[in-house]
Amino acid sequence: MFENKERTELGDLGEFGLINHLASFFENKNASTVMGIGDDAAVIDNGGSDYGLLTVDAMFEGIHFDLSFHPLKHLGYKAVATAVSDICAMNGTPTQILVSLGLSNRFSLEAVEELYAGIRLACDKYSVDLAGGDTTSSPRGLSLTVTVYGHVAKDKICKRSGAQEHDLLVVSGDLGSAYMGLQILEREKKVFMEQPNMQPDLSGHEYIVGRQLRPDARMDVVQTLAELGIVPSSMIDISDGLASEIHHLGMHSGCGFDVYDEKLPIDPQAVTQALNFDLNPSVVALNGGEDYELLFTVAQEHYDKIKSHPDFTIIGHATANKGAYRLIGKSGASFDIKAQGWQHFKG
Ligand code: ADP
Ligand code: MG
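Residues 1269 to 1615 (this note's numbering) are what the sequence shown spells out, left to right.
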């Protein structure tokens, strides 16, 4: 194990290359580990009718958030919501969280209380219990790591694998808003740095800024799917961007996807701001990330139920063309959907 003689740059491997590389050195020893590395959450079988689900998400100051515009209360909420989102992606219900904090002496008790006020709000919203965590000092900045435990009925679990040719590709909510919200916040920060007497102007941008600062996990979608009697054939949450998650579903399911450009659900505020920033709204929807919406596939028989539901948009379908992910424009011209996602180790 780990017998590399030469230095290999992490940037050459990329995030997923690195994870796959590390995973290849491990084998599961416990029969209860039904599924380990590879999906939105690990799947654990402790007997009974439900599987246990386990996932963790880390957030670091300077990488995942900027405290000059991210209120601590919203940050606490976001850390829990984004971790819970991975349980939703398995069609599961979260029950407990653990919170690990890295703190420097820059933070006061009042600041940490503010952070935890957000964590408590999220615990109430998703009905989860703060069951523990860890607190350490951090030489620089704030780090926040949230582990979530949850469960799902064995016959209702949704993995990234399972999409079949002709299945409908569906997304909840809208895409690209969180990314455009971030662009607005960064622009206003820059203006403020240059002219400190200027107040940030966020009016008219409340929705997209809110999507960046205080996203929600789509637990309501998990409930809606149950009420509609639909178990998606595959599902993932959109953290890195629609394009990247389409690749994940296709790779795990062994299929391709045709996606229709005009169907991409983009909020009018996000469209307006994308155009103001000289960005193509579809590209923002595909690559923006941090939407925390659910992307899933369902059998065609569910078409009527999905089509008429305001929370859902059918954006395309699965094809037998393994590994081919196409964005089809109004004219019929098609483009390859490239997975950009977050390039953690680049630049
Ligand atoms: P998500 O975006 O849904 O949180 P990730 O892309 O972060 O998923 O992770 C994909 C898979 O790789 C998950 O199963 C996750 O648990 C696993 N994983 C990520 N980082 C590591 C790591 N450092 N060691 C082991 N497994 C990891
Ligand atoms: Mg995920």
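Where a beta carbon is used, it is the ideal one built from N, C-alpha and C, also for glycine. Everything numeric in this text was worked out from a predicted model, so none of it was measured.
Quick one: Cα of residue i to Cα of residue j, how far?
{"i": "K1573", "j": "S1368", "result": "41 Å"}
{"i": "G1557", "j": "H1332", "result": "12 Å"}
{"i": "R1408", "j": "A1379", "result": "16 Å"}
{"i": "E1495", "j": "L1389", "result": "26 Å"}
{"i": "M1358", "j": "I1305", "result": "14 Å"}
{"i": "L1340", "j": "L1481", "result": "10 Å"}
{"i": "Y1571", "j": "D1442", "result": "19 Å"}
{"i": "D1579", "j": "T1276", "result": "45 Å"}
{"i": "A1431", "j": "A1291", "result": "24 Å"}
{"i": "W1610", "j": "F1284", "result": "With a pLDDT of only 49 at W1610, under the threshold of 50, the placement of this residue in the model should not be trusted; the figure read from the coordinates follows. Answer to the nearest angstrom: the Cα atoms are 11 Å apart."}
{"i": "L1371", "j": "E1462", "result": "29 Å"}
{"i": "T1415", "j": "D1397", "result": "12 Å"}
{"i": "D1280", "j": "E1271", "result": "18 Å"}
{"i": "G1615", "j": "Q1608", "result": "Residue confidence for G1615 is low, a pLDDT of 40 falling below 50, so the modelled location carries little weight; the figure read from the coordinates is stated next. About 14 Å."}
{"i": "E1435", "j": "F1603", "result": "Note that residue 1435 corresponds to Asp in the displayed sequence, not to Glu. Taking the straight line joining both Cα atoms gives about 21 Å."}
{"i": "I1498", "j": "N1548", "result": "34 Å"}
{"i": "S1381", "j": "A1351", "result": "Reading the sequence as shown, one finds Glu at residue 1381 and not Ser. Their backbone Cα atoms lie some 20 Å apart in a straight line."}
{"i": "I1534", "j": "K1297", "result": "45 Å"}
{"i": "H1342", "j": "E1274", "result": "43 Å"}
{"i": "L1543", "j": "H1577", "result": "28 Å"}
{"i": "D1546", "j": "G1509", "result": "19 Å"}
{"i": "F1564", "j": "L1437", "result": "6 Å"}
{"i": "K1458", "j": "A1601", "result": "39 Å"}
{"i": "T1403", "j": "D1526", "result": "46 Å"}
{"i": "L1335", "j": "T1540", "result": "26 Å"}
{"i": "A1399", "j": "T1581", "result": "36 Å"}
{"i": "G1316", "j": "L1377", "result": "43 Å"}
{"i": "A1299", "j": "P1464", "result": "59 Å"}
Excluding the 5 residues preceding and the 5 following residue i in the sequence, name in chain order all residues of the same chain whose CB lies nearer than 6 Å to its CB.
{"i": "T1413", "result": "A1326 and S1368"}
{"i": "L1453", "result": "F1337"}
{"i": "L1470", "result": "V1477"}
{"i": "R1479", "result": "S1445, A1446 and G1449"}
{"i": "H1473", "result": "I1452"}
{"i": "P1362", "result": "V1352, I1355, Y1394, V1396, V1416 and G1418"}
{"i": "A1349", "result": "A1390, P1483, D1484 and A1485"}
When you compare the CB positions of residue i and residue j, do they come within less than 7 Å of one another, or not?
{"i": "E1433", "j": "A1586", "result": "yes"}
{"i": "K1493", "j": "Y1417", "result": "Note that residue 1493 is Leu in the sequence shown here, rather than Lys. No, these two residues do not count as a Cβ contact at 7 Å."}
{"i": "Y1319", "j": "K1422", "result": "yes"}
{"i": "V1552", "j": "P1500", "result": "no"}
{"i": "V1302", "j": "D1313", "result": "yes"}
{"i": "D1488", "j": "L1562", "result": "no"}
{"i": "I1355", "j": "A1309", "result": "yes"}
{"i": "A1511", "j": "L1554", "result": "yes"}
{"i": "K1598", "j": "E1530", "result": "yes"}
{"i": "K1424", "j": "D1307", "result": "no"}
{"i": "G1401", "j": "G1344", "result": "no"}
{"i": "V1439", "j": "I1583", "result": "yes"}
{"i": "K1346", "j": "P1483", "result": "yes"}
{"i": "Q1568", "j": "Y1475", "result": "no"}
{"i": "E1329", "j": "L1410", "result": "yes"}
{"i": "S1395", "j": "Y1560", "result": "no"}
{"i": "V1311", "j": "G1360", "result": "no"}
{"i": "I1605", "j": "Y1528", "result": "no"}
{"i": "S1507", "j": "L1532", "result": "no"}
Provide the residue(s) that pair with residue i in DSSP beta bridges, ordered along the chain.
{"i": "T1323", "result": "V1416"}
{"i": "F1603", "result": "L1595"}
{"i": "D1318", "result": "A1421"}
{"i": "F1564", "result": "V1438 and M1503"}
{"i": "A1586", "result": "F1525"}
{"i": "F1580", "result": "S1440"}
Can you list, in chain order, the residues of its chain with a C-beta nearer than 8 Å to that of residue i? Leave out the 5 residues immediately preceding and following it.
{"i": "G1524", "result": "G1518, A1586, T1587, A1588, N1589, K1590, G1591, A1592, Y1593 and R1594"}
{"i": "S1405", "result": "G1370, L1371, S1372 and N1373"}
{"i": "H1289", "result": "L1281"}
{"i": "F1375", "result": "L1410"}
Who are the near neighbours of residue i in its chain, counting only those whose CB is closer than 7 Å to its CB and skipping five residues on each side?
{"i": "P1468", "result": "E1456 and F1460"}
{"i": "S1429", "result": "S1502, H1520 and S1521"}
{"i": "H1516", "result": "R1428 and I1504"}
{"i": "M1466", "result": "V1459 and F1460"}
{"i": "Y1384", "result": "G1344"}
Any heavy atom of the ligand NAP closer than 6 Å to the Cβ of residue i?
{"i": "I1305", "result": "This structure simply doesn't include the ligand NAP; it includes the ligand ADP and the ligand MG instead."}
*Pick out the complete beta strand (DSSP E) segments inside the stretch 1391 to 1471, 3 residues or longer, and give them in chain order.*
List check, beta strand (DSSP E) in window: 1397 to 1405, 1411 to 1421 and 1436 to 1440.
*Pick out the complete alpha helix (DSSP H) segments inside the stretch 1326 to 1384, 4 residues or longer, and give them in chain order.*
Secondary structure within the stretch 1326 to 1384: the alpha helix (DSSP H) runs of 4 or more consecutive residues, fully enclosed, are 1340 to 1356 (chain order).
_Complete runs of the beta strand (DSSP E) confined to the stretch 1289 to 1315 [at least 3 residues]_ = Here the runs fully enclosed are 1301 to 1303 and 1310 to 1312.
*asked:* Report the start-end ranges of each beta strand (DSSP E) in the stretch 1483 to 1558 that is 3 residues or longer and not cut off at the edges.
replied: For the stretch 1483 to 1558, whole beta strand (DSSP E) runs of length 3 or above, ordered along the chain, are 1502 to 1505 and 1524 to 1528.
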